[in-house]
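Read the structure below first, then the notes.
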Amino acid sequence: MIELNSVNKSFGDLQVLKGIDLSVAKGEVLSVIGASGSGKSTMLYCINALEQIQGGSISVDGLDVHAKSTDINKLRQNIGMVFQQWNSFPHLTVLDNVALAPKIVLGKSADEARSIAEKQLQHVDLGDKLDTYPTRMSGGQQQRLAIARALAMEPGYMLFDEVTSALDPELVGEVLDTLRLLREDGMTMIVVTHEINFARDVSDRIAFFHQGVIEELAPAKELVNNPQRQRTQQFLSKVL
Amino acid sequence: MSESANTIQFFTGFRFNDLGFLAEAAGNTLLISVISISIGSVLGCLFGWALHVSVLARYILGSVLDIFRSVPLIIQLLLFFNFFPILGLPLEPFAAGCIVLIFYTSALVAQVARGGIEAVPDSMRRASRSLGMSYLQDMRYVVWPIGARAMLPAWTGVALGVLKDSALVSVLGYLELLRASQILITRTQEPFIILAIVGAFYFALSYPIGKLSAKLEQRWQYD
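Line order of the protein sequences matches chains A and B.
Take the first sequence: its letters are residues 1 to 240, numbered as in this note's numbering.
Take the second sequence: its letters are residues 1 to 223, numbered as in this note's numbering.
What follows is the structure in structure tokens.
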């Protein structure tokens, strides 16, 4: 379970998260929508301790993310993250991109890491690209590689930060399909996205962010089809 | 008996043995260069990292390194070499030359290394940290290999420069290629042939560095 309790986050004078309360249960898929700059991505970074918070608390499986006593590297092994930019390691083959962290972080042997990587890459349909270098692949393929790389750590949670925003339109589908696959696997996910229809079809609940607060949080179909708040209605009418 | 037997010979022509003398001097050039470039590069990478992570280092260390980069090497050598006897700690020319060349190299490499580290986008480092890698693992397995590729051409330029600049250590009396050539020219009065040979030696020393770097660059291409 991921729990946020009145989380405040500022960059200098700019407060980007204003008292966020949220909990995501094991097995749930939560999508987060909202305009750019509304704090959606920042929230993900805070959950993964890539950003510090100024107030409130975040816990993952009961572990306080920002406590000094928390082993950040251990915590992150349990929280996979995929970014807008796919960030493939350009000096490593596709296989080694995925095998690296299991090897050096989890201490797997080269053979074990290799078989983990092969399995994950086949899962995202990159089984025929093992020895390719990522720069030879399309953005969609590299994004799927990034997903496989995160999954290879066998995390309990996955965070997705606008993973299709930097992709050419024709490549968006294959990445969304991969997310659907994870949903079927029962992965717990928080998906920050601009793909409203995808969010409606795939998530259990959707949170609509507006200027650093959760303006509306509801079951996915309800929020999209019958938004209660005026700001949600305005936002949806603009993007749908 | 010819006339020459009665005159004192000041000058003798270039002999085969002199090649050995030059080769030995080339060995000294190689020795001081290898020591300076290798230690200087390691130090330079540490300095470059410090410049990258710390604002304070950027001001303090950055200014010191600027001095090493900006003051002509020959002045640094003479100042340093003559400074220690004043303290009662006379230094060998070789030691003084090594120390100055090491810091000179490190000052040049520091900026190259900083550029290499900064060639790795923050977003990529966040990705590796999000996989649970520690700061050092991220540095070792992601930043270093990517940064090293980015800095290789500039580093090669520095290494070749230092190899040739090591000739200036001759002013301290260290018997390297340039000094050996001056000695031979004084004796033989045949500057052309000797300088040509010395040039060939320098080329022979430099060529492998450039070649190795080109090979690495090719091997390290991302495909």
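Where a beta carbon is used, it is the ideal one built from N, C-alpha and C, also for glycine.
Since the structure is predicted, the reported quantities are computational estimates derived from the model, not experimental observations.
Beta strand (DSSP E) segment containing residue i, residue limits
i	result
H194 (chain A)	First-last for H194 (chain A): undefined, no H or E at that position.
P219 (chain A)	213-219
Q249 (chain A)	Since the displayed chain A opens at 1 and closes at 240, residue 249 (chain A) lies outside it and no answer follows.
L30 (chain A)	29-34
D161 (chain A)	157-161
M81 (chain A)	79-82
Proximity winner among the options, relative to residue i (alpha-carbon distances)
i	options	result
T12 (chain B)	B:L73, B:A113, B:L184, B:F103	B:L184
V169 (chain B)	B:N17, B:S36, B:S206, B:W49	B:S36
G116 (chain B)	B:G44, B:I193, B:L73	B:G44
A150 (chain A)	A:A166, A:V94, A:A199	A:V94
G161 (chain B)	B:T186, B:S128, B:L79, B:Y207	B:Y207
S203 (chain A)	A:I214, A:S36, A:Q211, A:M189	A:M189
L73 (chain B)	B:D138, B:D165, B:W49, B:G199	B:D165
Q221 (chain B)	B:G97, B:F84, B:A148, B:T188	B:A148
S134 (chain B)	A:K74, A:I53, A:K238	A:K74
Q120 (chain A)	A:T178, A:V32, A:G212	A:T178
Y104 (chain B)	B:L91, B:V42, B:W144, B:E92	B:V42
G140 (chain A)	A:L176, A:P102, A:G56	A:L176
K215 (chain B)	B:E190, B:A180, B:T156, B:R179	B:T156
Straight-line gap, residue i to residue j (C-alpha atoms, nearest Å)
i	j	result
L217 (chain A)	T232 (chain A)	10 Å
M244 (chain A)	F47 (chain B)	Here chain A comprises residues numbered 1 to 240, so residue 244 (chain A) is not present and cannot be evaluated.
M1 (chain B)	V171 (chain B)	Note that M1 (chain B) has pLDDT 46, beneath the 50 cutoff, so the model's placement of it is unreliable and the number below is only indicative. Between M1 (chain B) and V171 (chain B), the C-alpha separation is close to 43 Å.
K221 (chain A)	D201 (chain A)	8 Å
Y45 (chain A)	L159 (chain A)	9 Å
F81 (chain B)	G173 (chain B)	11 Å
G40 (chain B)	F203 (chain B)	22 Å
T135 (chain A)	E217 (chain B)	16 Å
V53 (chain B)	Y59 (chain B)	12 Å
I181 (chain A)	E154 (chain A)	One point to set straight first is that residue 181 (chain A) is Leu, not Ile, in the sequence displayed. Between L181 (chain A) and E154 (chain A), the C-alpha separation is close to 15 Å.
V120 (chain B)	I197 (chain B)	44 Å
A26 (chain B)	P153 (chain B)	25 Å
H194 (chain A)	A107 (chain B)	48 Å
V64 (chain B)	F83 (chain B)	18 Å
Beta carbon proximity, residue i to chain A, threshold 8 Å
i	result
M133 (chain B)	yes
Q218 (chain B)	no
I35 (chain B)	no
I86 (chain B)	no
P153 (chain B)	no
V53 (chain B)	no
V143 (chain B)	no
I102 (chain B)	no
I117 (chain B)	no
M139 (chain B)	no
R15 (chain B)	no
A113 (chain B)	no
R129 (chain B)	yes
I146 (chain B)	yes
S213 (chain B)	no
R58 (chain B)	no
S123 (chain B)	yes
Any chain B beta carbon closer than 8 Å to residue i
i	result
L123 (chain A)	Position check: residue 123 (chain A) holds His in this sequence, whereas Leu was assumed. So, not an interface residue.
T135 (chain A)	yes
V175 (chain A)	no
I104 (chain A)	yes
R149 (chain A)	yes
M1 (chain A)	no
F89 (chain A)	yes
M101 (chain A)	Residue 101 (chain A) is actually Ala in this sequence, not Met. Yes, A101 (chain A) counts as interfacial toward chain B.
R76 (chain A)	yes
F83 (chain A)	yes
M187 (chain A)	no
N247 (chain A)	Residue 247 (chain A) lies beyond the range of chain A shown here (1 to 240); nothing can be said about it.
N73 (chain A)	yes
Cβ neighbour criterion (16 or more within 10 Å) applied to residue i
i	result
I26 (chain A)	The residue you asked about is not Ile; residue 26 (chain A) is Lys in the sequence shown. So K26 (chain A) ends up on the exposed side.
Q143 (chain A)	buried
S123 (chain B)	exposed
A110 (chain A)	exposed
G12 (chain A)	exposed
A23 (chain B)	exposed
K9 (chain A)	buried
D249 (chain A)	The requested residue 249 (chain A) does not occur in the structure, where chain A is confined to residues 1 to 240.
F161 (chain A)	Note on residue identity: the sequence assigns Asp, not Phe, to residue 161 (chain A). Flag for D161 (chain A) reads buried.
I79 (chain A)	buried
G97 (chain B)	buried
Limits of the alpha helix (DSSP H) - the one that residue i falls within
i	result
L178 (chain B)	177-188
V65 (chain A)	Element bounds for V65 (chain A): n/a, residue is neither H nor E.
G48 (chain B)	16-53
The ligand GTP heavy atom lying under 7 Å from the CB of residue i
i	result
A148 (chain B)	Within the structure as shown, the ligand GTP is missing, as the structure has no ligands at all.
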